[in-house]
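**Q**
Number of protein chains: 8
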Amino acid sequence: GFAKVDHHRELRQGYPEVIYCAGKTVDQVVHIVDMIYKRGSNVLGTRATKEMYEAVKKMHPMAIHNEAARTIVLQQQKIETGKGYIVIVTGGTSDIPVAEEAAVTAEILGNKVERVYDVGVAGIHRLFSKLDIITNARVVIAVAGMEGALASVVGGLVDKPVIAVPTSVGYGANFGGLAALLSMLNSCASGTAVVNIDNGFGAGYMASMINKL
Amino acid sequence: GFAKVDHHRELRQGYPEVIYCAGKTVDQVVHIVDMIYKRGSNVLGTRATKEMYEAVKKMHPMAIHNEAARTIVLQQQKIETGKGYIVIVTGGTSDIPVAEEAAVTAEILGNKVERVYDVGVAGIHRLFSKLDIITNARVVIAVAGMEGALASVVGGLVDKPVIAVPTSVGYGANFGGLAALLSMLNSCASGTAVVNIDNGFGAGYMASMINKL
Amino acid sequence: GFAKVDHHRELRQGYPEVIYCAGKTVDQVVHIVDMIYKRGSNVLGTRATKEMYEAVKKMHPMAIHNEAARTIVLQQQKIETGKGYIVIVTGGTSDIPVAEEAAVTAEILGNKVERVYDVGVAGIHRLFSKLDIITNARVVIAVAGMEGALASVVGGLVDKPVIAVPTSVGYGANFGGLAALLSMLNSCASGTAVVNIDNGFGAGYMASMINKL
Amino acid sequence: GFAKVDHHRELRQGYPEVIYCAGKTVDQVVHIVDMIYKRGSNVLGTRATKEMYEAVKKMHPMAIHNEAARTIVLQQQKIETGKGYIVIVTGGTSDIPVAEEAAVTAEILGNKVERVYDVGVAGIHRLFSKLDIITNARVVIAVAGMEGALASVVGGLVDKPVIAVPTSVGYGANFGGLAALLSMLNSCASGTAVVNIDNGFGAGYMASMINKL
Amino acid sequence: GFAKVDHHRELRQGYPEVIYCAGKTVDQVVHIVDMIYKRGSNVLGTRATKEMYEAVKKMHPMAIHNEAARTIVLQQQKIETGKGYIVIVTGGTSDIPVAEEAAVTAEILGNKVERVYDVGVAGIHRLFSKLDIITNARVVIAVAGMEGALASVVGGLVDKPVIAVPTSVGYGANFGGLAALLSMLNSCASGTAVVNIDNGFGAGYMASMINKL
Amino acid sequence: GFAKVDHHRELRQGYPEVIYCAGKTVDQVVHIVDMIYKRGSNVLGTRATKEMYEAVKKMHPMAIHNEAARTIVLQQQKIETGKGYIVIVTGGTSDIPVAEEAAVTAEILGNKVERVYDVGVAGIHRLFSKLDIITNARVVIAVAGMEGALASVVGGLVDKPVIAVPTSVGYGANFGGLAALLSMLNSCASGTAVVNIDNGFGAGYMASMINKL
Amino acid sequence: GFAKVDHHRELRQGYPEVIYCAGKTVDQVVHIVDMIYKRGSNVLGTRATKEMYEAVKKMHPMAIHNEAARTIVLQQQKIETGKGYIVIVTGGTSDIPVAEEAAVTAEILGNKVERVYDVGVAGIHRLFSKLDIITNARVVIAVAGMEGALASVVGGLVDKPVIAVPTSVGYGANFGGLAALLSMLNSCASGTAVVNIDNGFGAGYMASMINKL
Amino acid sequence: GFAKVDHHRELRQGYPEVIYCAGKTVDQVVHIVDMIYKRGSNVLGTRATKEMYEAVKKMHPMAIHNEAARTIVLQQQKIETGKGYIVIVTGGTSDIPVAEEAAVTAEILGNKVERVYDVGVAGIHRLFSKLDIITNARVVIAVAGMEGALASVVGGLVDKPVIAVPTSVGYGANFGGLAALLSMLNSCASGTAVVNIDNGFGAGYMASMINKL
Ligand SMILES: Nc1ncnc2c1ncn2[C@@H]1O[C@H](COP(=O)(O)O)[C@@H](O)[C@H]1O
Ligand SMILES: Nc1ncnc2c1ncn2[C@@H]1O[C@H](COP(=O)(O)O)[C@@H](O)[C@H]1O
Ligand SMILES: Nc1ncnc2c1ncn2[C@@H]1O[C@H](COP(=O)(O)O)[C@@H](O)[C@H]1O
Ligand SMILES: Nc1ncnc2c1ncn2[C@@H]1O[C@H](COP(=O)(O)O)[C@@H](O)[C@H]1O
Ligand SMILES: [Mg+2]
Ligand SMILES: [Mg+2]
Ligand SMILES: [Mg+2]
Ligand SMILES: [Mg+2]
Ligand SMILES: [Mg+2]
Ligand SMILES: [Mg+2]
Ligand SMILES: [Mg+2]
Ligand SMILES: [Mg+2]
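Protein chains in written order, with the working numbering: chain A, 1163 to 1375; chain B, 1163 to 1375; chain C, 1163 to 1375; chain D, 1163 to 1375; chain E, 1163 to 1375; chain F, 1163 to 1375; chain G, 1163 to 1375; chain H, 1163 to 1375.
1) Helix, strand or coil for A1342/F per DSSP?
2) The beta strand (DSSP E) spanning T1208/D covers which residue range?
3) May I ask whether a heavy atom of ligand 5 can be found less than 7 Å away from the beta carbon of A1261/C?
4) How about D1196/E: is its Cβ closer than 7 Å to a heavy atom in ligand 10?
5) Can you confirm whether the stretch 1323–1341 of chain G touches the stretch 1281–1289 of chain G when touching is taken to mean that 3 or more C-beta pairs between the two stretches lie within less than 8 Å?
6) Please look up how many angstroms separate the CB atoms of G1282/F and G1318/F, rounded, as I've assumed it's under 8 Å.
7) Using Cβ-Cβ distances below 7 Å, what residues of the stretch 1285–1312 of chain G are close to chain B?
8) Could you check the C-alpha separation between K1240/E and G1272/E for me, to the nearest Å?
9) For S1291/G, tell me which candidate among A1268/G, H1227/G, V1275/G, V1316/G has the shortest Cα-Cα distance.
10) Is S1255/F close to ligand 10? I mean its beta-carbon at under 7 Å from any heavy atom of the ligand.
11) Just checking: is the beta-carbon of A1335/G within a distance shorter than 8 Å of some beta-carbon in chain C?
12) I'd like to confirm something about D1189/C: is its beta-carbon nearer than 7 Å to some heavy atom of ligand 5, or not?
13) Mapping the DSSP letters down to three states, classify V1251/F as helix, strand or coil.
14) Identify the continuous alpha helix (DSSP H) that holds E1263/F and give its terminal residues.
15) Note the first and the last residue of the continuous beta strand (DSSP E) segment covering I1325/C.
16) Buried or exposed: which applies to G1185/F, given that a residue is buried once 16 or more other Cβ atoms fall within 10 Å of its Cβ?
17) Between the Cα of M1214/B and the Cα atoms of R1300/B, I1194/B, T1243/B, which residue gives the shortest distance?
18) Can you tell which of Y1279/G, L1375/G, V1180/G, A1369/G has the C-alpha that lies nearest to the C-alpha of G1207/G?
19) What does the alpha-carbon distance come out to for the pair H1222/E and S1352/H?
20) Excluding the 5 residues flanking Y1199/F on each side, which residues of the same chain have their C-beta closer than 8 Å to its C-beta?
21) Less than 7 Å between C-beta atoms, sequence neighbours within five positions excluded: which residues of the same chain meet that for N1228/G?
22) Kindly give me the distance between the Cβ atoms of L1293/F and A1304/F, rounded to whole angstroms, as I take these residues to be in contact under 8 Å.
23) Could you pull the start and end residues of the alpha helix (DSSP H) that R1288/F belongs to?
24) Whole angstroms are fine: how far does the CA of I1296/G sit from the CA of K1274/F?
25) With H, G and I counted as helix, E and B as strand and the rest as coil, what does DSSP make of E1242/E?
26) Please tell me whether S1330/F has its Cβ less than 8 Å away from any Cβ of chain H.
27) Name the DSSP bridge partner or partners of T1354/D?
28) What in chain A is Cβ-close to S1256/E, meaning under 9 Å?
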């Protein structure tokens, strides 16, 4: 076949390969889902279209679609969640799809997730009113577009690792997420590391790896 | 002469031309200071070296040098400060030179200035403990390098115009102030406008214009 | 709900949260309009599509759509305009949508607005023939794409604060508004500050804050 | 004083403020070291010049200088290292200063550190011969300049969180570290997050936070 | 006609002009195919749409379409393949179209081609299991998007020239292939040179020139 | 009206305002065409859609559309062509639309134009075979995308002013014409100046101004 | 020798090769000056250091140094100036070196030059008071840093070709002249073309070519 | 030791590791030279300062310094040159250091090298007068700064692989070699691949690999 699915990864890293559906045909996605499923693993597809989901569902009626997150999940093994929880905060309403991608990823990898959405720094009291749930998490994922200041503010308030996710939300001199990305890379708050623009999956995966320690 | 000092500016805009000393020879600076002084105006030179100051001082012993701000001030007319005050906040210690350029500019243009330095978002309680002095100002100047998040946080807390000044403080992906600049341009807080990287002068001037309304 | 509308903002900043409709679903917009309306505030939505407006109108027949500005306005409280007026100048015809967003924003926030459109520096006599109306304003908003020179020329002629708005009008090496943005940030005219590319809302809001001093 | 040291940080985040010495005067550094020391905390200064170190040493003879790392460490409290160790890998010899900054930071924050230097992908057998020490770590820091491929290769081999640090090592189209930064942000290996170019400190701090979980 | 086909090229460079179909009308493509065909040469069109192919096929039923590669091939002269083979490796499934453009180009220019797809560094054992076929080639083409690390890893393992092709596969801070491009230009492995983003044709052509030596 | 057509321009610059149709509504275009026509001038519209042309034609049946150039021309005054001619060269077939925009502009402004298309440096003999017609022109316009080398080669061969027009033709690291733009700005051939990417109009206008001297 | 001076250029283009001294050793410069001088031509060296000039002067005492312009001129043939004059305008005092490079170049190529310096748009009346001398020129060179608006304003006022020269004067978001460059490329005034940042030589050469028509 | 010299490389790739001296201390360079020398290999150091050379020479008097190329060569094994030769062309005099780095590299790797310097496209007849020596080479290295057009012109004339090396020669909008780099990546001539800006070493190495086939 066209694809060499990395089945070895489950041994090496504890999780099977996750399917990045963008730029694949529906047939390719269905085929790869099937290959992973047959090996007995849970399956996660990201950046999946509705059409891909429909096609997968025909073969695997148990498949679940999170429309906002654009994910396909096909679970056959029990997921055990371990210690504590991961909290995901967003600056605005428009950052939710990226946040949901992170949430779905973290959940299928066996983590409890708390969502604290739309608490950007323009109205910082919204953040402070949720401080408890944030500071009690083991890992924080901060998702923000525009100027991405949320990551710095959160990073300065908690003593837990913060995964910052810049989003492409905004316009003009946000340059497709560059503004938030640079902002987060230059954060004056210590204990923050950054993933690619809109990369909810990467943040969820990294947070899970940390939480599993 | 080489320079056509814009004497008409005092009539048109209420303030004489300010001398941007960078890229000028010591002789040119002394000469322009003199021309403006002889017209009876107060003189402000920015980005002045110590050497320029020494040369000006020889002719005009009253000239004052603010070393951090890199300014030369030569005052002959009384400066009347009007309504309220302008507050200048900085994220860190390294932003102080830019802040001082803004302060000196605003002061010679006839404004009372309050300084609130080193209150960046990595330790946000420092900002909150100064909130009174900030919210009572008529205009706020927020000076910050690295990710520039201070401007957004301040902008979300006050109901006064905020002039944001990105600084080149930082390294790596700050790209000489670009990170803070983009951050401030994309601020999710309303009521903020931005001047050039390290442009304390421009911020002080704009704040003064606003405060004089 | 998905959104934590910042109702507290009206107390803190004197104006309620403005709805940035881009990237929201029609349902989300209708819902947020309703929440703000029910608190008794005037409502402003920016970057609204016609479809969003139709949906809002069904519930609130008084809602008004400015097609060029892409705004929805739902007014229930009397708007009192205070001192003087804000003037909005544009370089060309294509900058008008951004200018209108600024105008609608400033008006609902309680300001008188004068429009001076299509007076770019390619035919500078058009600008000079309107100089009176510009110099008599309390605040100037200068909206221009391409090379954005209008802001510098206006800034050099008036003794009032100028809010410069770069637009994405142009092509090629305008790089989506970057040329005008950099031009305005580097303006040789003092008393100018800049907002994001195409950010008419931000300019109108900032101008209002200044005019209300 | 000019600086508002964030003493509260130790309570909030478990570690006191770290001094970023770049852009500060020798006097300012000495003064801040002293303030933190007097509160009873261990002191870490980064980006310190030899001159700064000499000045600090005069007051605090116990101060230690790591020349490659450009750090000043002044320890008065016992440092207890907890679980496991952090491994730091570099692509080449020239990345060592950044790696050492990370190492010193992680060590003073109470972590055991293993160093695996000069194992870049141009001679990948060098990496494989050290695989044991890498895969047994709890957290990995991957430091690389030029094309930064090391982070992806390491990320694909371990099941532990990887903090990637791009360095400015290289020339031409490395654009001061941009090439390695973008490379690491786009890593095809999951479980990687990135800090600023040359930001050894940030990587060491983040790794410590993770290792302390 | 509108086009001055470079018939002289076959004499000068041994191969006729290749038709870059993007930005040409269907009529233009058909016309140029015909002109080259009538001179007795084999014809290669790249970036061809299905519609273009259909139109060409009507006149030349022997024309062959490689849908993934987006190529049209019209062969009338026997193609003799010479020494050894060119190997084409890709990082992922989504890089295949670019790889196929290279393959088709190299084949019509008279080279044997081996394909080793989806062996990116996230699962590096997939690459090692194919090492024989790679190291035995005379020329290697390495096609990869995202961070493009594959080129460096391959370059470090073989003693043959490597042509690196960055692809635009990815999102966010890949900036349309810039991340992979910079990565490949800064490769720490010697013996690598780079062609434009997504330029499978250029890589196939260069590899052929080298293989024909 | 919304637009302040610069009728004064004909007096000041010898030509009336040219209509940049992009970003205008069909109604606006028709209206402005009419205003200029009624003043007795010839009318030129650039970046016009077919729809705009149809609407203009309804009112002014004499209007002429050049589809490649995307221009509308409405001529009522005789055009006198003066001295010599302007030559327009292009690198490839895909650069022709930009070249035609330049040609139409130069022609309505009263210049004789010679077209030498598809003579890029990949097959430089095509250029040399046309050298006579190029060197005898009074002004040269060189239109090229991709790497834009044509402008340098032509600039080195002629002793006449060369207007270089970078086009957005190409893909990948051409970055929408940036590669050709930078190439032309850095030309090692003297006597070359550059206009915006794809700005055929600007080149035709500049060439005409020069030719009219 | 290391250099292949293009003696043929005088035949081909009417002027001999001009020496770009930057990045050459003093010996190389002296040697090339000599080669050109011996062929009987006038010699122009740009970007020359004082040291280069001293060395040239030893051999050719007639050599003249313009310190601001950084040029060496060695004239042996009479220079005949033809029709009209070229006017060079600058925005500020700091742009004068670039302007002088243009002036010296145009003069040795046989043109009369008028200088109108320090007339930037911040005080636009300075420009208007010199309008006569500008509009009567045959060619205009507009030299400006910061936002480069001068080129657009001048371009809108004259009916002669304008060569725009962006300078690197400024700081921060001027990005070494990029702001002025983009501004000038996007000028809304027709009849403007642009040369490289700080390229006074190129502007003087182009203006001369135009003026000689 | 600090460095893990890749001795295995000689087996794997036929050549030992080449020492990139930039960013290394004199001691480190001496030490690595010694390690490689003791294994019996020829040694090549690039980007070496005079000081490094002096130190190496003390231990190994046979060491040779090419000042322009900034290389140290220490030969103990006979170098056999194989088939044909590599030709290196440069656009100007200032590109020679990069060209020499390529030449020295290719020579120690066992290739005959021909140098054709200062034949840039501004005086293209210089190139044509050397065409024989260029077209008879087995591999071409084209070194050029500014707009880098030389690579395209050469690429269009020969039927051999061309390695293009952009240099940082130039100023302003050359952006440190970016202009030449983009130009070469977008070359309309087929059979060209590109190495990093100023990377003479990489070009020489790649050319050698090709020539050894
Ligand atoms: N620090 C500064 N940053 C930006 N502009 C300045 C600064 N100081 C003075 N200026 C402006 O620079 C202009 C003088 O420029 P110039 O004619 O080149 O000396 C004056 O109009 C000032 O308004
Ligand atoms: N056109 C606009 N441009 C930028 N910001 C806006 C605009 N319209 C509204 N906003 C701001 O966007 C914020 C709401 O963002 P969100 O929570 O994502 O809906 C509000 O605080 C507004 O101040
Ligand atoms: N996919 C491709 N990418 C880049 N260049 C190509 C491609 N296909 C063909 N070419 C080149 O494009 C040139 C034709 O350009 P044009 O005259 O604009 O049609 C030919 O010389 C080919 O060598
Ligand atoms: N001038 C050069 N440019 C780029 N890479 C080089 C250069 N000289 C040597 N190298 C490579 O740099 C690597 C050594 O890097 P390092 O381990 O940091 O010393 C070797 O593998 C060489 O192949
Ligand atoms: Mg919100
Ligand atoms: Mg501080
Ligand atoms: Mg108009
Ligand atoms: Mg090494
Ligand atoms: Mg795969
Ligand atoms: Mg063609
Ligand atoms: Mg001035
Ligand atoms: Mg030369």
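For glycine and all other residues, C-beta sits at the position ideal for the given N, C-alpha and C. Just so it is clear, the structure is predicted and the values come from calculations on it, not from any experiment.
**A** Taking the definition as stated:
1) helix
2) 1205–1208
3) no
4) no
5) no
6) No, G1282/F and G1318/F are not in contact; Cβ-Cβ is about 15 Å, not under 8 Å.
7) G1285, H1287, R1288
8) 9 Å
9) V1316/G
10) Here residue 1255/F is Thr; the residue named in the question, Ser, does not match the sequence. Checking every heavy atom of ligand 10 against the Cβ of T1255/F, one is found closer than 7 Å.
11) yes
12) no
13) strand
14) 1258–1270
15) 1324–1328
16) buried
17) I1194/B
18) V1180/G
19) 26 Å
20) V1205, H1222, L1236, Q1238
21) E1262, V1266
22) Their Cβ separation, rounded to whole angstroms, is 14 Å, which puts L1293/F and A1304/F out of contact at 8 Å.
23) 1287–1290
24) 28 Å
25) coil
26) no
27) V1324/D
28) Y1182, A1184, G1185, K1186
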